[in-house]
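Colleague: In the numbering used here, the protein residues as written are 20 to 149. By construction, the Cβ of each residue, glycine as well, lies at the ideal position given by its N, Cα and C atoms. Given the structure is predicted, the values throughout are model-derived calculations rather than measurements. Encoded as structure tokens, here's the structure I'll be asking about.
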């Protein structure tokens, strides 16, 4: 049984082209590309945020360690500069504790007067020598 008669010429029948279909296809492809680009951008931002979080945590732990080191070194400096440790070292160098006359404003005035008188004496000796 033949369904298509043999005398009919189907080869010459052509379908008309839909001009709107091509523009709809282009619009659909453009929207898909924008959507995919948005997802890629969002993923990139997410991974950058995660990386930044790891870096900030690393810096936070490093800062904490440096603060602890600073506190430890400050404590060591305070203990090394304690008067109990400095006094024996000063005695080894030949230093002695200050007397009452060397402490206070009267001692400073006396030392200043002594230095002034010594400098005047040195000046007069130099003038005589010339």
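(1) In the DSSP assignment, find the alpha helix (DSSP H) that holds residue 116 and state where it starts and stops.
(2) Restricting to runs no shorter than 4 residues, where is the alpha helix (DSSP H) found entirely within the segment 83-115?
(3) Identify, in the order they occur along the chain, each residue of the same chain with its Cβ nearer than 8 angstroms to the Cβ of residue 140, setting aside the five sequence neighbours on each side.
(4) Going straight from the alpha carbon of residue 77 to that of residue 60, what length do you get?
(5) What is the rounded straight-line gap between the Cα of residue 110 and the Cα of residue 104?
(6) Measure the alpha-carbon distance for residue 100 versus residue 114 and round it to whole angstroms.
(7) Roughly how many angstroms separate the alpha carbons of residue 56 and residue 37, rounded to a whole number?
Modeller: Quick answer:
(1) As a working mapping, residue 116 is identified with position 97 in the chain shown. It is not in any alpha helix (DSSP H) - residue 116 carries neither H nor E in the DSSP assignment.
(2) Positions of the alpha helix (DSSP H) runs, each at least 4 residues long and wholly inside the segment 83-115, are given as 102-111 in order along the chain.
(3) To locate residue 140, count along the chain shown from 1; it is residue 121. Result list for residue 140: empty, nothing under 8 angstroms.
(4) As a position in the chain shown, residue 77 is number 58, starting the count at 1. As a position in the chain shown, residue 60 is number 41, starting the count at 1. Roughly 26 angstroms between the two C-alpha positions.
(5) The sequence position of residue 110 within the chain shown is 91, counting from 1. The sequence position of residue 104 within the chain shown is 85, counting from 1. Approximately 11 angstroms, taken between the alpha carbons.
(6) For this step, residue 100 is matched to residue 81 along the chain shown. For this step, residue 114 is matched to residue 95 along the chain shown. Approximately 16 angstroms, taken between the alpha carbons.
(7) For this step, residue 56 is matched to residue 37 along the chain shown. For this step, residue 37 is matched to residue 18 along the chain shown. Residue 56 and residue 37 have their alpha carbons spaced roughly 29 angstroms apart.
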